[in-house]
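**Q** The number in the working numbering is simply the position in the sequence shown, starting from 1, with 1015 added. Heads up, the beta-carbon is just placed ideally off N, CA and C, and yes, glycines get one too. Since this is a predicted model, take the numbers as computed values, not measurements.
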Amino acid sequence: MADNLFKRQEMKKVLMILIIGILMFANFAIAEEAIPLSLEEAVAIALRDNRDILLSTESARKAKLKISEARASLFPSLTFTSNLTSTNGLYSDTSNQTANQATLKQYLYKGGKTINTIKYNQYNFEVSQALLDKTKLDTIFDVIKTFYTLLLAEDFAKINQQILENTKEHLSVIEARFQNGQASESDILAIKESLANIEQVYEASQNAVETAEVLLKNLLYLDNETKVQCQGQFAYEPREVAIEDALLTAMKIRPEIRQYEAQEKASKAAVEMAKADNRPSIYASWDYYSRSHAAGTNNKSWNDYNIIGLTVSWPIFDGWATKSKVEQAIVDLRQTQLTKEKIIKDIALEIKTAYIDLKDSISKIRATESEFAVYQDNLSVIEEKYESGIASSLDLDDASLKYSLTEFNKKQAIYDYIIARETLDKAKGEI
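#1: Over what stretch of residues does the alpha helix (DSSP H) that includes D1319 continue unbroken?
#2: With respect to the beta strand (DSSP E) encompassing Y1298, which residues constitute its N-terminal and C-terminal limits?
#3: Given a threshold of 16 other Cβ atoms within 10 Å of its Cβ, counted over all protein chains shown, does I1032 qualify as buried or as exposed?
#4: From which residue to which residue does the beta strand (DSSP E) around P1051 run?
#5: Determine, using beta carbons only, whether K1081 and N1131 come nearer to each other than 9 Å.
#6: Is the CB-CB distance between R1294 and K1134 below 9 Å?
#7: Please say whether Y1298 and A1114 have beta carbons closer to each other than 9 Å?
#8: Within its chain, find whatever has a CB closer than 6 Å to the CB of D1319; leave out the 5 residues flanking it on each side and keep chain order.
#9: Mapping DSSP to helix, strand and coil, what is L1123?
#10: Given 8 Å as the limit, is there contact between the region 1323-1343 and the region 1389-1403, that is, 3 or more CB pairs closer than that?
#11: Ordered along the chain, which non-local residues of its own chain (more than five positions away) have a Cβ less than 8 Å from that of T1423?
#12: Around the Cβ of G1324, are there at least 16 other Cβ atoms within 10 angstroms (buried) or fewer (exposed)?
#13: How many Å lie between A1369 and A1261 at the Cα?
#14: What alpha helix (DSSP H) runs, 4 residues minimum, are completely inside the region 1120-1204?
#15: Which word fits A1205, buried or exposed, when buried means at least 16 other C-beta atoms lie within 10 angstroms of its C-beta?
#16: Check A1044 in the structure and name its three-state DSSP category.
#17: If the criterion is Cβ atoms closer than 9 Å, does the pair I1159 and E1437 meet it?
#18: Please name the residue, chosen from S1415, N1321, I1050, K1357, that lies closest to A1117 on a Cα-to-Cα basis.
#19: Would the region 1087-1100 and the region 1273-1282 be scored as touching if the rule is three or more Cβ pairs under 8 Å?
#20: So, at 6 Å on beta carbons, what are the nonlocal neighbours of Q1278 in its own chain, with the 5 sequence-adjacent residues on each side left out?
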């Protein structure tokens, strides 16, 4: 009986250990498993979690709150003050006095400063919105470029691995021929030198994959331990593009254009704000006073009274400080206008450059397609010869490698086309 109980307890311990081991292995497997990631998913994650976008969003939110702050000047201000004093030693008895004051103040005119301050902050909010759109545009472009760079780097690493394996096979063949006296030692040394170079290139290509993956995870704000597996392909989709239409589109929707148009309006409002310091200000006020009896009198009642006033203030001379402020604001306006003109020129150049790169990439694709067709046909011929026993496995491997190289060259040309296309879309402001 005791033995059976002991055995059951031991079985429970063993079962518990197995369960814990299975769970630990499962967690380890999940941690090591790469997360499949499409381009659309990558862009969605970046728009949600990228810190540059989130920072720009908060800046836009702050700029919007500045509008509310400026509008507060349109409303009256109400202030309440209460004071309690106790006088000892001056009179025969201790004298306590209470005073309360309520002040209502409303500006009627401030030289146009209030309304121009509101406009200034509204235009700055438009600037912050344009900057947010620009940040999104740049981030989406960076995600797309990094996504396809990672795909291309992975293919390049696979090609280098295939070249490495093919070179090792050639080395084995040369060594066998050397043993039979059909190859020299120089042939072996040449192959070994090539092998060493290929190993270095293969290692560099693996590092390029790791670098691209780290960059993509940084854009998506993913943990460094997270493994991602990009799911996509290099597809060539021809598109007709007219450079004149691209320029017109950019002038309408490009964030930088909207940014500096709003900045120019804000600078004009800033000039008027500076001029307001030289203009009169008018405000109406109502003060209500309530205090206890005055010390040293027999009056025990409270003294309540109110004052209604209208105040006009006009700065006559301030040492030309306002004049300097106005001139500074005008300089800022001119700088904004010059920057806007420069941005327009830069955007036009950016579109023209992207358009030329797009045309060049299309030419490269056509050239690689012709080369790809040649080596695809060559591989088919070698496969038939191999099945007939005419060609060796090494011949088949060489043909397969050449085919893979031309296929990679085609992918690289399509990669250049995709990047040029997205660069043009970014220049237009349409990503």
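**A** In brief:
#1: Taking the sequence shown and counting its residues from 1, the one referred to as residue 1319 is at position 304. It is not in any alpha helix (DSSP H) - D1319 instead sits in the beta strand (DSSP E) that spans 1318-1328.
#2: Translated into positions along the sequence shown, residue 1298 becomes position 283. Its beta strand (DSSP E) spans residues 1296-1306.
#3: Start at 1 with the first residue of the sequence shown, and residue 1032 comes out as number 17. Note on I1032: pLDDT 47, under 50, position unreliable in the model; no value is reported.
#4: Your numbering for residue 1051 matches position 36 in the sequence shown. P1051 -> beta strand (DSSP E) spans 1050-1053.
#5: As a first step, residue 1081 is located in the sequence shown; it is residue number 66 there, counting from the start. As a first step, residue 1131 is located in the sequence shown; it is residue number 116 there, counting from the start. Not a contact, by the Cβ cut-off of 9 Å.
#6: Position 279 of the sequence shown, counted from the start, is the residue given in the question as residue 1294. Position 119 of the sequence shown, counted from the start, is the residue given in the question as residue 1134. No, the pair does not count as a contact, with Cβ atoms beyond the cut-off.
#7: Here the question's residue 1114 lines up with position 99 in the sequence shown. Here the question's residue 1298 lines up with position 283 in the sequence shown. No. Outside cutoff.
#8: The count along the sequence shown starts at 1 and reaches residue 1319 at position 304. Contacts found: S1305.
#9: Here residue 1123 corresponds to residue number 108 of the sequence shown, with the count starting at 1. The answer is strand: DSSP assigns L1123 an E or B state.
#10: no
#11: Taking the first residue of the sequence shown as 1, we reach residue 1423 at position 408. The sequence shown places Phe at residue 1423, not Thr. Excluding residues within five positions, the ones whose Cβ falls inside 8 Å are D1170, F1171, I1174.
#12: On the sequence shown, position 309 is the one that residue 1324 refers to. With fewer than 16 Cβ atoms within 10 Å of its Cβ, G1324 is classed as exposed.
#13: As a position in the sequence shown, residue 1369 is number 354, starting the count at 1. As a position in the sequence shown, residue 1261 is number 246, starting the count at 1. Rounded to whole angstroms, A1369 to A1261 spans 11 Å at the Cα level.
#14: Entirely contained in the region 1120-1204, the alpha helix (DSSP H) runs reaching 4 residues are, in chain order, 1128-1194.
#15: The residue you call residue 1205 lines up with position 190 of the sequence shown. Under this definition A1205 is an exposed residue.
#16: Along the sequence shown, one-based indexing puts residue 1044 at 29. Interpretation of A1044 is limited by its pLDDT of 41, a score under 50 that renders its predicted location unreliable; the figure taken from the coordinates is listed afterwards. Of the three classes helix, strand and coil, the one that applies to A1044 here is helix, per DSSP.
#17: Translated into positions along the sequence shown, residue 1159 becomes position 144. Translated into positions along the sequence shown, residue 1437 becomes position 422. Closer than 9 Å, so yes.
#18: For the purposes of this step, residue 1117 is taken as residue 102 along the sequence shown, with counting starting at 1. Closest by alpha carbon: N1321.
#19: No: the two stretches stay apart, fewer than three of their Cβ pairs being nearer than 8 Å.
#20: Counted from its first residue, the sequence shown places residue 1278 at position 263. The answer, listed in chain order, is V1142, T1351.
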